[in-house]
Amino acid sequence: MDYSRTVRAAAVQISPVLFSRDGTTEKVLQAIASSAKEGAQLVIFPETFIPYYPYFSFVQPPVLMGKEHMRLYEEAVTVPGPVSDAVSRAARSYEIVVVLGVNERDNGSLYNSQLIFDADGTLLLKRRKITPTYHERMVWGQGDGSGLRVLDTAVGKLGALACWEHYNPLARFALMAQHEQIHCAQFPGSLVGQIFTDQIEVTIRHHALESGCFVVNATGWLSPEQVGQITSDEKLQRVLSGGCNTAIIGPEGNHLCTPITEGEGIAIADLDFSLITKRKRMMDSVGHYSRPDLLQLRVNLDAQTVMEVADGIQATDETIDPYLQPTTYSLPPIT
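Our numbering puts the last residue of the sequence shown at 349; the count rises by one with no breaks.
Okay, structure coming up:
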């Protein structure tokens, strides 16, 4: 592996266009172009950013959230489909690696999915959050171990987890054991207040220290007007604020640029890979500091399916969702 390179990374904190897959996709394409203009070779977006994070599920009881749940189905992303095609074209046109969070629709189910595009536009991985958190279990299905993979990309060895997956130490260790150099983290933002901002800070800095890699983290942001669109209850509106911490962390646990905790913006920093060696010289959790004779991780990286044909080959369904209308997105200019 090359530890002599430097990569410029961008973490995007923007608000979605609520209730609009197309509107939010256009904002993603504009942010990719803006990041590329700044020389970024890697750009990270927040958790399930297209079309939007299901904030409604946090403030509405299940018996009342049917309408909003159905609206999310209507605006969700199928993969492959027009959204992934547009982001693929942008990645290829701007020669930039893109990590994007989407609400993925797979026939009758929704998933919290992370899409990783290489700089040539190839969709390298579609991974699903292995266990939705708390209220999210009313919205999304579960992922499997096939997404716990570190990828060889144009910017190095890259892994990704979403939100409280970072509280699953074995999931993180699965990526660490594959020697990730850049870890891409995604959180929803605009949730729970300052305590969530503080928790994100601890989480991403600890992973950088423990894994000896860079962590690029993106959170979303809601304007006060958007919070009012989600709920008119002022008490509930208070829990849909704060909780933003878009940041880039070095292998020694330090911030490489000023984090963004409010409003829209793009955090940009240069990742000097020699710092990985500097950190791991002292403590390599999956190398000289490990004790595999005492402690090992056993992980199932196979994709799961509800049906197998008789000869043991897994059945797959690559059909496009018939409810998704064809859409063409134009790429914004880089200047």
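The beta carbon of each residue, even a glycine, is placed where N, CA and C say it ideally should be.
Just so it is clear, the structure is predicted and the values come from calculations on it, not from any experiment.
Where residue i falls: helix, strand or coil (DSSP)
{"i": "Gln13", "result": "The requested residue 13 does not occur in the structure, where the chain is confined to residues 15 to 349."}
{"i": "Gly95", "result": "coil"}
{"i": "Lys294", "result": "helix"}
{"i": "Tyr343", "result": "coil"}
{"i": "His149", "result": "helix"}
{"i": "Ile58", "result": "strand"}
{"i": "Tyr87", "result": "helix"}
{"i": "Ser288", "result": "helix"}
{"i": "Ile214", "result": "helix"}
{"i": "Gln310", "result": "coil"}
{"i": "Gln318", "result": "coil"}
{"i": "Ser107", "result": "helix"}
{"i": "Val26", "result": "strand"}
{"i": "Ser123", "result": "strand"}
{"i": "Arg305", "result": "coil"}
{"i": "Ser18", "result": "coil"}
{"i": "Glu224", "result": "helix"}
{"i": "Ile130", "result": "strand"}
{"i": "Ile144", "result": "coil"}
{"i": "Ala100", "result": "helix"}
{"i": "Thr333", "result": "Residue confidence for Thr333 is low, a pLDDT of 46 falling below 50, so the modelled location carries little weight; the figure read from the coordinates is stated next. In the structure shown, Thr333 sits in coil (DSSP, three-state: anything other than H, G, I, E or B)."}
Buried versus exposed call for residue i [16 or more other C-beta atoms within 10 Å across all chains shown]
{"i": "Asp132", "result": "buried"}
{"i": "Asn126", "result": "buried"}
{"i": "Pro238", "result": "exposed"}
{"i": "Glu150", "result": "buried"}
{"i": "His180", "result": "buried"}
{"i": "Gly234", "result": "buried"}
{"i": "Met79", "result": "buried"}
{"i": "Tyr66", "result": "buried"}
{"i": "Thr167", "result": "buried"}
{"i": "Ala324", "result": "exposed"}
{"i": "Val21", "result": "buried"}
{"i": "Arg141", "result": "buried"}
{"i": "Leu308", "result": "exposed"}
{"i": "Val113", "result": "buried"}
{"i": "Ser18", "result": "exposed"}
{"i": "Glu248", "result": "exposed"}
{"i": "Asn314", "result": "exposed"}
{"i": "Tyr108", "result": "buried"}
{"i": "Gly115", "result": "buried"}
{"i": "His221", "result": "buried"}
{"i": "Gly53", "result": "exposed"}
Distance cut-off 6 Å: residue i Cβ against heavy atoms of the ligand HEM
{"i": "Ile263", "result": "Of the ligands one can find in the structure shown there are none, so the ligand HEM has no counterpart to examine."}
Residue i vs residue j beta-carbon contact at 7 Å
{"i": "Pro347", "j": "Gln44", "result": "no"}
{"i": "Gly226", "j": "Arg293", "result": "yes"}
{"i": "Asn259", "j": "Ile196", "result": "no"}
{"i": "Met152", "j": "Val300", "result": "no"}
{"i": "Ser49", "j": "Ala90", "result": "no"}
{"i": "Glu46", "j": "Val31", "result": "Checking the sequence, you will find Ile at residue 46 rather than Glu. No, these two residues do not count as a Cβ contact at 7 Å."}
{"i": "Gly173", "j": "Gly257", "result": "no"}
{"i": "Gln200", "j": "Pro306", "result": "no"}
{"i": "Ile263", "j": "Ile218", "result": "yes"}
{"i": "Ile290", "j": "Ala281", "result": "no"}
{"i": "Thr39", "j": "Val97", "result": "yes"}
{"i": "Leu236", "j": "Ser29", "result": "yes"}
Identity of the residue in the options nearest residue i by Cα
{"i": "Gly95", "options": "Arg312, Asp36, Arg151", "result": "Asp36"}
{"i": "Leu138", "options": "Val313, Ala105, Arg151, Pro75", "result": "Ala105"}
{"i": "Ala188", "options": "Phe63, Glu224, Gly277, Ala281", "result": "Glu224"}
{"i": "Asp298", "options": "Ser18, Gly173, Arg103, Pro265", "result": "Pro265"}
{"i": "Gln243", "options": "Val73, Tyr17, Gly277", "result": "Val73"}
{"i": "Arg85", "options": "Phe70, Val93, Ala317, Pro75", "result": "Phe70"}
{"i": "Ala283", "options": "Cys177, Ser102, Val229, Glu248", "result": "Val229"}
{"i": "Leu311", "options": "Gln208, Gly161, Val320, Pro183", "result": "Pro183"}
{"i": "Asp134", "options": "Ser246, Arg103, Leu124", "result": "Arg103"}
{"i": "Ile64", "options": "Val77, Val93, Ala54", "result": "Val93"}
{"i": "Trp178", "options": "Ser288, Lys143, Val169, Thr319", "result": "Lys143"}
{"i": "Leu165", "options": "Thr145, Leu129, Tyr148, Thr147", "result": "Leu129"}
{"i": "Val253", "options": "Ala222, Cys271, Ala232, Gly207", "result": "Gly207"}
{"i": "Gln318", "options": "His302, Gln156, Val216, Thr342", "result": "Gln156"}
{"i": "Ser160", "options": "Tyr148, Ala185, Asp286, Val169", "result": "Ala185"}
{"i": "Val26", "options": "Gly277, Asp286, Pro75, Phe287", "result": "Gly277"}
{"i": "Thr342", "options": "Val216, Val101, Gly122, Asp247", "result": "Val101"}
{"i": "Thr147", "options": "His269, Lys41, Leu285, Pro68", "result": "Pro68"}
{"i": "Arg163", "options": "Gly170, Glu194, Trp154", "result": "Glu194"}
{"i": "Gln154", "options": "Cys198, Ser344, Gln192, His83", "result": "The sequence shown places Trp at residue 154, rather than the Gln named in the question. Ranking the options by Cα distance to Trp154, first place goes to His83."}
{"i": "Val320", "options": "Ala54, Ala261, Lys171, Asp158", "result": "Asp158"}
{"i": "Met15", "options": "Phe287, Tyr303, Ser304, Ser344", "result": "Phe287"}
Residue-level contact to chain B via CB, residue i, 7 Å cutoff
{"i": "Glu118", "result": "Reference to chain B is not applicable here, since this structure consists of a single protein chain."}
Next item on the list: Report the residue ranges of all alpha helix (DSSP H) runs contained in full by the segment 154-202; include only those spanning at least 4 residues, in chain order.
Entry: Complete alpha helix (DSSP H) runs here, min 4: 183-190.
Checklist line | Continuous beta strand (DSSP E) assignments of at least 3 residues falling wholly in the segment 229-274 | finding: 261-263, all fully within the segment 229-274.
Notebook entry, point to check: What alpha helix (DSSP H) runs, 4 residues minimum, are completely inside the segment 30-84?
Noted result: 35-51, 70-73, all fully within the segment 30-84.
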